[in-house]
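**Student:** Take the sequence shown: its position 310, counting from 1, is numbered 310 in this note's numbering, and each next residue is one higher.
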Amino acid sequence: MSNTHFDVLIIGAGLSGIGAGVHLQKECPGKTFAILEARDEIGGTWDLFRYPGIRSDSDMHTLGYIFKPWKASKAIADGPSIRSYVRETADEYDIKKHIRFGHKVVHANWSSEAARWALTIEHGGKTSELSCGFLLICSGYYNYQSGYLPDFKGMEDFQGKLIHPQHWPEEYDYEGKNIIVIGSGATAITLVPELAKKASHVTMLQRSPTYMVSRPSKDWIANFLRRLLPDRWAYAITRAKNIWIGRYFYNRTQVAPAKTKKQVLQMLEKELGDGFDIKKDFTPSYNPWEQRICLVPDSDFFHSLKEGSSSVKTGHIDQFVKDGIKLTSGEILNADIIVTATGLDLQMFGGMSLSKDGTSVHSGDLITYKGFMYGNIPNFANVFGYTNASWTLKADLTSQFVCRLINHMDETGTDICEPHLEEGEIETVDMEPLKSGYFQRAVGKLPREGAKAPWKQLHDYFADRKLLKT
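#1: Near histidine 316, which residues of its chain fall below 7 Å by C-beta distance, leaving aside the five closest residues on each side in sequence?
#2: Would you decide whether proline 150 is buried or exposed? Buried here means 16 or more other CB atoms lie within 10 Å of its CB.
#3: Buried or exposed: isoleucine 42, going by 16 or more other Cβ atoms within 10 Å of its Cβ?
#4: Whole-angstrom Cβ separation of proline 454 and leucine 366, contact assumed at under 8 Å?
#5: Once the 5 residues before and after phenylalanine 67 are set aside, which same chain residues still bring their CB inside 7 Å of it?
#6: Would you list, in sequence order, the uninterrupted beta strand (DSSP E) runs of no fewer than 3 residues that lie entirely inside the region 83 to 112?
#7: Report the start-end ranges of each alpha helix (DSSP H) in the region 152 to 215 that is 4 residues or longer and not cut off at the edges.
#8: Decide if proline 297 is buried, meaning its Cβ has at least 16 other Cβ atoms within 10 Å, or exposed.
#9: Arginine 39 by DSSP, collapsed to three states: which one?
#10: So who's on the other strand from lysine 126, going by DSSP bridges?
#11: Quick check: what's the CA-CA separation for glycine 53 versus leucine 24?
#12: Please state the DSSP three-state secondary structure of lysine 313.
#13: State the Cα-Cα distance for the pair glutamine 166 and leucine 265, rounded to the nearest angstrom.
#14: Note down the Cα distance separating valine 321 from isoleucine 180, rounded to an integer number of angstroms.
#15: Quick one: measure Cβ to Cβ for cysteine 132 and asparagine 407, integer angstroms, because I've assumed they're closer than 8 Å.
#16: Comparing the CB of serine 304 with every heavy atom of the ligand MN, is any distance shorter than 7 Å?
#17: From the DSSP secondary-structure annotation, give me the bridge partner or partners of valine 296.
#18: For tyrosine 481, name the three-state secondary structure that DSSP assigns.
#19: Identify which residue in Gly19, Asp157 and Glu170 has its Cα closest to the Cα of serine 139.
#20: Return the chain-ordered ranges of every alpha helix (DSSP H) run that is complete within the region 247 to 306 and spans a minimum of 4 residues.
#21: Note down the Cα distance separating serine 58 from methionine 409, rounded to an integer number of angstroms.
#22: From Leu191, Gly183 and Ile182, pick the residue whose C-alpha is nearest to that of tyrosine 174; which is it?
#23: For the beta strand (DSSP E) holding glycine 450, just list the boundary residues, first then last.
#24: Could you spell out where the beta strand (DSSP E) holding isoleucine 325 opens and where it closes?
#25: Below 6 Å CB to CB, which residues in the same chain sit around aspartate 219 once its five sequence neighbours on both sides are set aside?
#26: Which of the three DSSP states, helix, strand or coil, is assigned to methionine 373?
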């Protein structure tokens, strides 16, 4: 077998890609594979993002791999710890030898005659080609080159420092500065309390509030179980517990949204106490889990608000000015630094283009099958994790299914597998896992889904486990 053709090519060496490599190595030991990584490091998101306080907003007992227990005391982990976990996994299972760093896939074409994918690769300023029998995409769903930045009026007039969290300057000194963080999502909620430790003051400027829920960063049940049981047993029990709790809470938001909203806001009022305008600054206009709920580990965001080192301002931006931001109300917020935590730029398949037998395939025209394959696209799978639970739960299920599928193809002497769909066979709708801005902006890029299984995205770990493991 030449080193230009592989049985399987995995795109991306982040959390999903390293996990896929381990599953493939364990369950399909006779298969050749390589992992193509456009950057020069393992870790994906957890290596790319380096802004202050970077952390997960999912517990590591579910964000971690099913095959490798998370042993640290903190379940809500910081970015460097997660990066170390991914690298440790790669070392433990000897995955690094399969990774080709600096290999950016720009195009993939399926040949029905050859029953293989031909990939055009950019590496070291040159273009080359690799081929594979099965293509597994583990590149996430957003653009690593740039985040989303609205075209704010007057940005060029601001004389301070303008930073997007996706491109945080290394070892940037913000001590004693007045900082405005634009946004109210997970990145802003993470940045504000961390920046407030050194800054003169941090203002979180939001157009509208986001749901926030406090949770201890340490899971005392997990830490207790590890003292009594082998790591794998303690991890499995904790993982099952957290999956059930997460699913129960999500189901409550769907069955009784008004009641759940009231309960969440009551917890918030108790957390903050007096002196805050809960209705204006902390009550979203939508129901829980129509957008992702922000996790506040150890109430750090709330503590910084109560201490006065940070504050929340709800309003709309009129324009940037020399010394900060002018709101439509006429109020001017002064700042030395403005951080634009304004979201992600979504893209599919790591930005590569696709074609089938030379005919271009647009991602927005595809119809998802079982949440990770696509109608009439052969020998192809894409890891697309949950938006209402930990990403890796779906990534593990997807990789395990792909391995069983590849083994089944070998057993039956099959070269091509394709979810077959006749044009107009099923009714389709836009795939909109959440109503968050970054998903709304990506309508047209995201594949569509059917009105019923197996063409419908379930967003339900237990249903997917039944569908994909049997």
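Heads up, the beta-carbon is just placed ideally off N, CA and C, and yes, glycines get one too.
Keep in mind the model is a prediction, meaning the values are calculated, not measured.
**Tutor:** This is what the structure gives:
#1: Around histidine 316, the same chain offers Arg207, Leu327 and Thr328 as residues with beta carbons nearer than 7 Å, after the five sequence neighbours per side are excluded.
#2: Note on proline 150: under 16 other CB atoms within 10 angstroms of its CB, so exposed under the neighbour-count rule.
#3: By the 10 Å Cβ count, isoleucine 42 comes out buried.
#4: Contact doesn't hold; Cβ gap of about 14 Å is too wide.
#5: In chain order, Val22 place their CB closer than 7 Å to the CB of phenylalanine 67, counting only its own chain and leaving out the 5 sequence neighbours on each side.
#6: Along the region 83 to 112, the beta strand (DSSP E) occurs as fully enclosed runs of 3 or more residues at 99 to 101 and 104 to 111, listed in sequence order.
#7: DSSP runs (the alpha helix (DSSP H)) wholly in the region 152 to 215: 186 to 195.
#8: So proline 297 counts as buried.
#9: Taken through DSSP and simplified to helix, strand or coil, arginine 39 comes out as coil.
#10: Bridge pairing for lysine 126: His123 [DSSP].
#11: C-alpha separation (whole angstroms): 33 Å.
#12: In the structure shown, lysine 313 sits in a strand (DSSP, three-state: E or B).
#13: Computed Cα separation, rounded: 30 Å.
#14: Cα-Cα distance, rounded: 13 Å.
#15: 16 Å between Cβ atoms; not a contact.
#16: This structure simply doesn't include the ligand MN, nor any ligand for that matter.
#17: Per DSSP, Ser214.
#18: Any property of residue 481 remains undetermined from this structure, which presents the chain solely from 1 to 470.
#19: Selected option, being the one with the closest Cα: Gly19.
#20: Entirely contained in the region 247 to 306, the alpha helix (DSSP H) runs reaching 4 residues are, in chain order, 257 to 272 and 278 to 282.
#21: For serine 58 and methionine 409, the distance between alpha carbons rounds to 35 Å.
#22: Taking the Cα of tyrosine 174 as reference, the smallest distance to any Cα among Leu191, Gly183 and Ile182 is reached at Leu191.
#23: Segment 448 to 450, the beta strand (DSSP E) holding glycine 450.
#24: It spans 324 to 327 - the beta strand (DSSP E) in which isoleucine 325 sits, taken as one unbroken run.
#25: Only residues of its own chain outside the window of five on either side were considered, and among them Ala75 have a CB closer than 6 Å to the CB of aspartate 219, listed in chain order.
#26: Under the three-state reduction of DSSP, methionine 373 is assigned to strand.
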